[in-house]
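Numbering (this note's numbering), first residue to last: 75 to 349.
Think of the CB as a built atom: it goes at the ideal place given N, C-alpha and C, for glycine as much as any other residue.
Have a look at the structure below, then the notes.
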Ligand SMILES: C[S@@+](CC[C@H](N)C(=O)[O-])C[C@H]1O[C@@H](n2cnc3c(N)ncnc32)[C@H](O)[C@@H]1O
C-alpha cells in the first residue's frame, strides 16, 4: 500500500457520520438544527479546537471578498468557521475521500454549501490554477508531510501576490522520543514532525515572509481545562474527538499531551505573507 493510502487508512472515518448524527440526537439536535458550535468539539481536529482556529483567524485578515483554501481540511470545521464568520468563499482539500464526504454533508446540514466546497486530493499536488486564492490555512497537517519545502512551494503557487498562509502544526521543541500512537500517526512511518527552524526555512524558500508564535502554554491550559471537565463528567461528551480518532483516543491524546508537557513537542503558529 502506498504512503497516501496508509495515511487515509490511519484516519479512517467509517461510520463517522452516523456517530455524529447519534451524538447530535443525544444533545437534542438533528441535521436540520445542528449549529457550528454543536459540531465544533468533533470537527476541529487540532489542539485547542475552535479556540485555536479563532486565534489563528485573527491574524489572517480574511475579508468577505476573499477565497480561502483549507489544506488538509479534515471534516471541514475550520472551513465552515471561516465562511460563517467572514462570508468568504472556502475550498477545503483533504487526502481522505471519506472525510471529504462527511465535510460536504455537515456543510449541507449547516446551510453553508453555497460558500464552502471540498475536494479530495493531495496538498503536494493541489488541483488548482496558479494565483487562485487570497488566503490559505493548514491546521495539524504538516506532521504527515515529509517534504515541507515542496508543500509550501505548492501553497505559494496557488496563492495570489499579497496572499497569506496560516499554519498551525505540532513541531519538535526538544530532545526525546515521540511515543506512538499519536493522533496523526499510528507509528513513525507516517510521522514527519520537524522543528520550527525547518518550517521557517521551507516557508522562506517558498517566498513567504514568516512570523511564528509558540502555542505550548495555550495547549497546556487547554489540557488542564479538559482534565477538569473530565473529572466533572461521567464519560465522553456526545460529540468529541473520540468519534473521529476512534478506539485508542485516550492513548493517542495522552501520548501527545505527555510529549508537550515534557517539552518534546509543541503546537506553533506560523504566518507566511507573500510580497
Ligand atoms: C489531524 S487532521 C486535521 C484536520 C483539520 N485540518 C482540522 O484541524 O480539523 C490532519 C488531516 O490532514 C490530512 N492530510 C494529511 N496529509 C495530507 C496531504 N498530503 N494532502 C491532503 N491532506 C492531507 C489528513 O487526511 C487529515 O484529514
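> If you check the beta carbons only, do residue 274 and residue 338 fall under 8 Å apart?
Replying inline: Taking the first residue of the chain shown as position 1, residue 274 is located at position 200. Taking the first residue of the chain shown as position 1, residue 338 is located at position 264. Not in contact: residue 274 and residue 338 (Cβ atoms no closer than 8 Å).
>> Whether or not the stretch 89 to 109 and the stretch 175 to 187 are in contact is what I'm after, with contact meaning three or more pairs of Cβ atoms, one per stretch, closer than 8 Å; do they touch?
In response: yes
> From which residue to which residue does the beta strand (DSSP E) around residue 176 run?
Replying inline: Position 102 of the chain shown, counted from the first residue, corresponds to residue 176. Per DSSP, residue 176 lies in no beta strand (DSSP E) segment; the continuous alpha helix (DSSP H) that holds it begins and ends at 171 to 183.
> Taking just the CA atoms, how far does residue 315 sit from residue 193?
Replying inline: Position 119 of the chain shown, counted from the start, is the residue given in the question as residue 193. Position 241 of the chain shown, counted from the start, is the residue given in the question as residue 315. Near 22 Å, if we compare the C-alpha coordinates of residue 315 and residue 193.
> For ligand 1, any of its heavy atoms closer than 7 Å to the Cβ of residue 147?
Replying inline: Residue 147 sits at position 73 when you count from the first residue of the chain shown. Relative to the non-hydrogen atoms of ligand 1, the Cβ of residue 147 comes within a distance shorter than 7 Å of at least one.
>> I'd like to confirm the pairing. Which residues does DSSP put opposite residue 143 in its beta bridges?
In response: As a first step, residue 143 must be located in the chain shown, where it is residue number 69. For residue 143, which the question treats as bridged, DSSP gives the partners 165 and 210.
> Taking the Cβ atom as the reference point for each residue, do residue 207 and residue 241 lie within a distance shorter than 8 Å?
Replying inline: For this step, residue 207 is matched to residue 133 along the chain shown. For this step, residue 241 is matched to residue 167 along the chain shown. No; because the gap between Cβ atoms is not below 8 Å, this pair is not in contact.
> Measuring from the CB of residue 131, is there a heavy atom of ligand 1 at a distance below 7 Å?
Replying inline: If you number the chain shown from 1, residue 131 lands on position 57. For ligand 1, not one heavy atom lies less than 7 Å from the Cβ of residue 131.
>> What does DSSP give as the partner residue(s) for residue 228 in the beta ladder?
In response: Here residue 228 corresponds to residue number 154 of the chain shown, with the count starting at 1. The partner list for residue 228 (beta bridge, DSSP) is empty, contrary to what the question assumes.
> residue 289 by DSSP, collapsed to three states: which one?
Replying inline: For the purposes of this step, residue 289 is identified with residue 215 of the chain shown, where counting begins at 1. Coil.
> Could you check where the beta strand (DSSP E) with residue 246 kicks off and where it finishes?
Replying inline: Translated into the one-based positions of the chain shown, residue 246 becomes position 172. Taken as a continuous stretch (DSSP letters only), the beta strand (DSSP E) holding residue 246 covers 233 to 246.
> When you compare only the Cα positions, how much space is there between residue 200 and residue 228?
Replying inline: What you label residue 200 is simply residue 126 of the chain shown in a count that begins at 1. What you label residue 228 is simply residue 154 of the chain shown in a count that begins at 1. Cα-Cα distance, rounded: 7 Å.
> Relative to the alpha-carbon of residue 195, which residue among 204, 172 and 213 has its alpha-carbon at the smallest distance?
Replying inline: For the purposes of this step, residue 195 is taken as residue 121 along the chain shown, with counting starting at 1. Among 204, 172 and 213, the Cα nearest to that of residue 195 belongs to 172.
> Taking DSSP as the reference, what is the three-state secondary structure of residue 269?
Replying inline: Walking along the chain shown from the start, residue 269 turns up at place 195. In this structure, residue 269 counts as strand in the three-state DSSP scheme.
> What did DSSP end up calling residue 306 once you bin it into helix, strand or coil?
Replying inline: Translated into the one-based positions of the chain shown, residue 306 becomes position 232. Helix.
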